[in-house]
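A.B. asks:
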Amino acid sequence: MSNNFLITGSPGSGKTTVLEKVISNLEEKDLEVGGIYCPEIRSEGRRKGFEIVDIRTGESEILAHVNQDQGPKVGKYRVNVPNVDDISKTAISSALEECDVLVIDEIAPMEVYSEEFKRQVRKVLDSDKPLLAAVHRRSRSGFIGEVKNRGDTDMFEVDEKSRDELPKKLTRLVWESLS
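Per full-length UniProt numbering, the very first residue in the sequence shown carries number 1; after that it's consecutive.
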């Protein structure tokens with residue numbers, strides 16, 4: 001039985017919402033959840049960038065932003081690789097040591113510019129701890145393809161039909177993987 005659960009879907013399909021519901025469900029079962037998530041930074045109703053946040057501590061840094069003048073470009077954003085390195089290393093490594101379940105939202109083109117992020121994700125995937133991660137839908141090669149093509153992952157599609165039932169299903173699967 002796999003303990004690596006990946007969710008994917010179109011932008012705006014509800015991946016992060018599904019993850020938030022599963023985190024809440026697991027915390028209600030007194031499980032310690034850690035890892036990272038990457039919420040939007042909005043200004044005047046427009047997306048300007050993304051943060052990278054440690055789920056347990058709330059520590060955050062800029063992941064990517066339209067007004068950043070350095071770093072690799074993904075669409076209209078520039079990625080702050082040192083910030084991704086720092087938060088990934090501290091949040092994921094401490095969660096791997098101290099938490100019951102790890103969450104990564106998301107394994108996507110911006111994050112994979114960080115070698116530290118990729119190193120930490122591989123550690124989690126290879127561990128016995130359950131991982132719940134959102135993964136970029138279209139990517140099929142490189143690091144994202146490597147993650148998707150592992151034999152020890154189960155993939156779930158988030159869409160209008162599945163997004164209400166998926167949190168219960170994923171909570172059950174994660175819970176069972178701990179037994």
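Beta carbons: idealized from backbone N, C-alpha and C, even for Gly.
All of these numbers come straight from a predicted model, not from anything done at the bench.
Can you grab the Cα-Cα spacing for the pair residue 169 / residue 152, in whole Å?
C.D. replies: Sequence index remark: in the sequence shown, residue 169 carries index 169 (1-based). Sequence index remark: in the sequence shown, residue 152 carries index 152 (1-based). When rounded, the distance between both Cα atoms is 18 Å.
A.B. asks: Could you tell me whether the segment 39-51 touches the segment 18-28, using the rule of 3 or more Cβ pairs below 8 Å?
C.D. replies: no
A.B. asks: My output table needs one value for residue 15: the three-state DSSP class, helix, strand or coil.
C.D. replies: As a first step, residue 15 must be located in the sequence shown, where it is residue number 15. Helix.
A.B. asks: Hey, how far is the Cα of residue 16 from the Cα of residue 65?
C.D. replies: As a working note, residue 16 is residue 16 in the sequence shown. As a working note, residue 65 is residue 65 in the sequence shown. About 19 Å.
A.B. asks: Give every residue of the same chain whose Cβ lies closer than 8 Å to the Cβ of residue 128, excluding the five residues on either side of it in the sequence, and list them in chain order.
C.D. replies: The residue you call residue 128 lines up with position 128 of the sequence shown. Only 3 meet the Cβ criterion.
A.B. asks: Report the partner residues of residue 34 according to the DSSP bridge assignment.
C.D. replies: As a working note, residue 34 is residue 34 in the sequence shown. DSSP output for residue 34 lists 102 as bridge partner(s).
A.B. asks: Use the C-beta contact count for residue 54: other C-beta atoms within 10 angstroms, 16 or more gives buried, fewer gives exposed.
C.D. replies: Numbered from 1 along the sequence shown, position 54 holds the residue referred to as residue 54. Classification of residue 54: buried, given that the 10 Å Cβ count is 16 or more.
A.B. asks: Going along the chain, which residues of its own chain have a beta-carbon closer than 7 Å to the beta-carbon of residue 71, five neighbours each way excluded?
C.D. replies: Reading the sequence shown from its first residue, position 71 is the one you call residue 71. For residue 71, where only same-chain residues beyond five positions count, the Cβ hits under 7 Å are 78, 79, 80 and 81.
A.B. asks: Kindly provide the ranges of any beta strand (DSSP E) runs that are 3 or more residues long and lie completely inside the segment 110-139, ordered along the chain.
C.D. replies: 131-135
A.B. asks: Hey, how far is the Cα of residue 178 from the Cα of residue 130?
C.D. replies: Taking the sequence shown and counting its residues from 1, the one referred to as residue 178 is at position 178. Taking the sequence shown and counting its residues from 1, the one referred to as residue 130 is at position 130. Residue 178 and residue 130: Cα-Cα distance of roughly 7 Å.
A.B. asks: Below 7 Å between beta carbons: does that hold for residue 35 and residue 102?
C.D. replies: Residue numbering aside, residue 35 sits at position 35 when the sequence shown is read from its first letter. Residue numbering aside, residue 102 sits at position 102 when the sequence shown is read from its first letter. In contact: residue 35 and residue 102 (Cβ atoms closer than 7 Å).
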